[in-house]
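The listed protein sequences derive, respectively, from chains Z and V. First residue of the first sequence: 1, per full-length UniProt numbering; consecutive thereafter. First residue of the second sequence: 1, per full-length UniProt numbering; consecutive thereafter. All remarks here apply to the structure that follows.
There are 2 protein chains.
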Amino acid sequence: MKPTIYSVAEQAGVSISTVSKVINNTGRISERTRKIVLQAISELNYHPSVVASALTGKQTKTIGLLIPDISNPFFAEIARSIEDRSHELGFNVMMCSTDNNKEKEEKYLSLLIRQQIDGLIVASAFRCASLLEDMVKQHIPIALVASEIPELSINTVTVDDYRGSYLATSYLLSLGHRRIAIIAENVRSNKPRVYAFRDTMEEAGVQGIDRYVIKTEAAITKGYESARQLFSLKERPTAIFVCNDLLAIGAMQAIKEAGLSIPHDVSIIGFDNTVLSTTATPMLTTIAQPMKEIGTKVVNLLIQEMEEPKTYKERLLLSPELIIRESTAPLH
Amino acid sequence: MKPTIYSVAEQAGVSISTVSKVINNTGRISERTRKIVLQAISELNYHPSVVASALTGKQTKTIGLLIPDISNPFFAEIARSIEDRSHELGFNVMMCSTDNNKEKEEKYLSLLIRQQIDGLIVASAFRCASLLEDMVKQHIPIALVASEIPELSINTVTVDDYRGSYLATSYLLSLGHRRIAIIAENVRSNKPRVYAFRDTMEEAGVQGIDRYVIKTEAAITKGYESARQLFSLKERPTAIFVCNDLLAIGAMQAIKEAGLSIPHDVSIIGFDNTVLSTTATPMLTTIAQPMKEIGTKVVNLLIQEMEEPKTYKERLLLSPELIIRESTAPLH
DNA sequence: GTGAAAGCGCTAACAA
DNA sequence: TTGTTAGCGCTTTCAC
């Protein structure tokens, strides 16, 4: 039988409230009694039940994590860092991969509410923001990572997308490229990336940007298709800025298949700096997101919010960095 | 305020036990009452509390997952499939990355016990099996994936490691290679892979196998180092069997850096068939693990065990498959 | 410094 | 068919 607070109390010859006090370091307990109780706890190998304690109004010590897909290396790294920071603070995390799919988002939200999670971290798209209303109504603290939900006022941590895209675009321009294409993912966080691309190109006086803008979904095959589409144009681009590494890998495959060489014929630059960018050949020049830091910061923000809800929410933009590898070169 | 069973009962003008009965489909309830209750539930947007229900002896509907590292693509894919199957069956999963580190294993185990998980899936190494004793004592069902703990009798799902290694080794032999090296990870599941390698090589009459056996940890850099080590030998191998894709990528980097070409000078074959094997250049020949199926099966096994503990535990070995891509070629 | 007792939201006898 | 009630393991007030 699993030991309870009663077994400990009996073993120690005290009342359960005394045991409770030593566990939680509340009230005043004599050093002697504390020792005896601690002794009993370790003898019985007692672990206080979070379930029971949660029922009395305390925390469940669990955080929900809604993420598009844990098997996507970018989110896996973010998740890892969220997990680490949460565990540091004594919280467990329940992971749910939504595929950015409305039905799953709804279903998992309901599962998580029933589990009485203390807080929620969202990286999923939530194109239908009203789904989150239950959460808001029940005052469950929420924080967003690597995603945007403009309808709601929520603490958020993301990379500075606009700046990242600026870094990528201006780097390609500085290499002499003018026919630069962008392959973006069709999610909100990619919008600033597209805007920065346009702005930077326009400022450089480049014309006819529109034909080189493609939006698609996050998958290697989609990157492949998008690149092929670009190569079917009369004037094919000499450089491509691909808004995440997964898509970039697909694009690289298409470029090679077309008999072109990277970076000699086509320069390519990714976004994220996941494992994939170092395992690709040639190694991918990319915009690095500080993934460890992003994960750590959202958890911090969420915990802060749990302790004391802020009226004014924060939006934290972390600085991306250009990592130059082998997939970019001066215009030939 | 979060709606409770009481608010629903009041709203519907019935007792809480009636509400409980309609929620759980127990006892007999008139169609009329059921409708009224359901109505009240949806009006209040009521979600029954798993916490409260767990306290009465029912399940917490959560499964613990101890995995070495969620940011490792192999485990991320396994985790994704475990997650999907669990959610299908109404369970949430709490994820813990242990880095195969004893202290973390111990800490997370204690966290999970306190959370009163219904079952535990273990992919972590647990070199110290006694850590799991608490779980066994408390009759918490356990299932193992992609790992082995010989000291304990536990339901297990793994790929057939011996056969996988046989497939890899005999394929390299069939290409005419004799100086074949193996880079293995220093965990239990890799032992059968090394055995099969030795056995197959011996049966083919190859001598001096020992100098070509390297054991290391799962990291790209380790693969890199191991391959360099092999190239420092007088007679360098003409083919390398690397026991996981992560290591294989590292080895590929070392080979290229040494100015050798893959597969012309050195053939290389991986194990796992993660994304990495398709994003690498040349694309990696590898032994595919049926990751989706492995995840699904462990969950099934765990749930079975939760419903009715078996005296004799099962060990399920799923068949691996040789995927021939571009990194292997006949001996030059 | 310590203990008795009420109550958290729910389930499951048992009564009605 | 529906309602009453006693717990589940814990926290927390309030007496002692």
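Note that beta-carbon positions come from the ideal geometry of N, C-alpha and C, so glycine has one too.
Distances from the CA of Arg236/V to each of Thr221/V, Ser267/V, Ala219/V were compared; the closest alpha carbon is that of Ser267/V. Between Val51/Z and chain V, the shortest Cβ-Cβ separation is below 7 angstroms. When the Cα atoms are used, Ser170/V and Asn190/V turn out to be separated by approximately 17 angstroms. For His264/V, not one C-beta of chain Z is nearer than 7 angstroms to its own C-beta. Taking a Cβ-Cβ cut-off of 8 angstroms, the neighbours of Thr279/V in chain Z comprise Ile220, Ile249, Leu276, Thr279, Ala280, given in sequence order. If you keep only unbroken alpha helix (DSSP H) runs of at least 4 residues inside the segment 102 to 156 of chain V, you get 102 to 114, 133 to 137.
Short of 7 angstroms from the beta carbon of Gln11/Z, and not among the five residues preceding or following it, lie these beta carbons of its own chain, in chain order: Ala40, Glu43, Leu44.
For Asp69/V, the chain Z residues whose Cβ falls inside 8 angstroms of its Cβ are Arg80, in order along the chain.
Here the alpha carbons of Asn155/V and Glu314/V stand approximately 5 angstroms from one another.
For Asp272/Z, no chain V residue has a Cβ inside 7 angstroms of its Cβ, as the nearest lies near 13 angstroms away. Residues of the segment 225 to 253 of chain V with a C-beta atom less than 7 angstroms from some C-beta of chain Z are Ile249, listed in chain order. Going by beta carbons, Ile214/V and Ser232/V fall outside the 7 angstroms limit.
Not a single C-beta of chain V is nearer than 7 angstroms to the C-beta of Asn101/Z. Taking every protein chain shown into account, the CB of Lys58/V has fewer than 16 other CB atoms within 10 angstroms, so this residue is exposed. The beta carbon of Arg188/V is closer than 6 angstroms to those of Glu148 in its chain, skipping five residues each way along the sequence. In this structure, DSSP gives Lys191/V a helical state, which the three-state scheme calls helix.
Every beta strand (DSSP E) stretch that sits fully inside the segment 203 to 289 of chain V and reaches 3 residues is listed by chain position as 213 to 216, 239 to 242, 267 to 272, 285 to 288.
Counting only the Cα atoms, Val298/V lies some 16 angstroms from Pro320/V. Below the 7 angstroms Cβ cutoff, chain Z contributes Ser110, Ile113, Arg114 as neighbours of His47/V, in chain order. Pairing His332/V with Arg163/Z, the inter-Cα distance amounts to about 50 angstroms.
Taking a C-beta distance under 7 angstroms as the contact criterion, Ala168/V and Ile294/V do not qualify as a contact pair. When the beta-carbon positions are compared, Gly250/V and Ile220/V come within less than 7 angstroms of each other. Gln116/Z is a Cβ neighbour of Thr60/Z, given a cutoff of 7 angstroms.
Remark: fewer than three beta-carbon pairs, one from each stretch, lie closer than 8 angstroms, so the segment 80 to 93 of chain V and the segment 78 to 89 of chain Z are not flagged as touching. Below the 7 angstroms Cβ cutoff, chain V contributes Glu83, Val93, Met95 as neighbours of Met95/Z, in chain order. Each of Asp99/V, Pro141/V, Glu88/V was checked against the Cα of Leu112/V, and the nearest Cα belongs to Pro141/V. Closer than 9 angstroms at the C-beta level to chain Z, one finds these residues of the segment 127 to 156 of chain V: Asp134, Lys137, Gln138, His139. As for any beta strand (DSSP E) of minimum length 3 sitting wholly inside the segment 48 to 92 of chain Z, the runs are 62 to 67, ordered along the chain. Contact between Val22/Z and Val37/Z holds, since their C-beta atoms are separated by about 5 angstroms, short of 8 angstroms.
By the Cβ criterion, the segment 117 to 125 of chain Z is in contact with the segment 62 to 71 of chain Z, since at least three pairs of Cβ atoms, one from each stretch, lie closer than 8 angstroms. Under DSSP, Ala181/V shares a beta bridge with Ile240/V. In the DSSP assignment, Val159/Z is bridged to Leu318/Z. Here Ala129/Z is exposed. Its C-beta has fewer than 16 other C-beta atoms within 10 Å. Scanning chain Z for C-beta atoms nearer than 8 angstroms to the C-beta of Lys2/V yields Gln138, reported in chain order. DSSP places Ser20/V in the helix class (H, G or I) of the three-state scheme.
One Cα belongs to Tyr6/V, the other to Ser20/V, and the distance between them is close to 10 angstroms.
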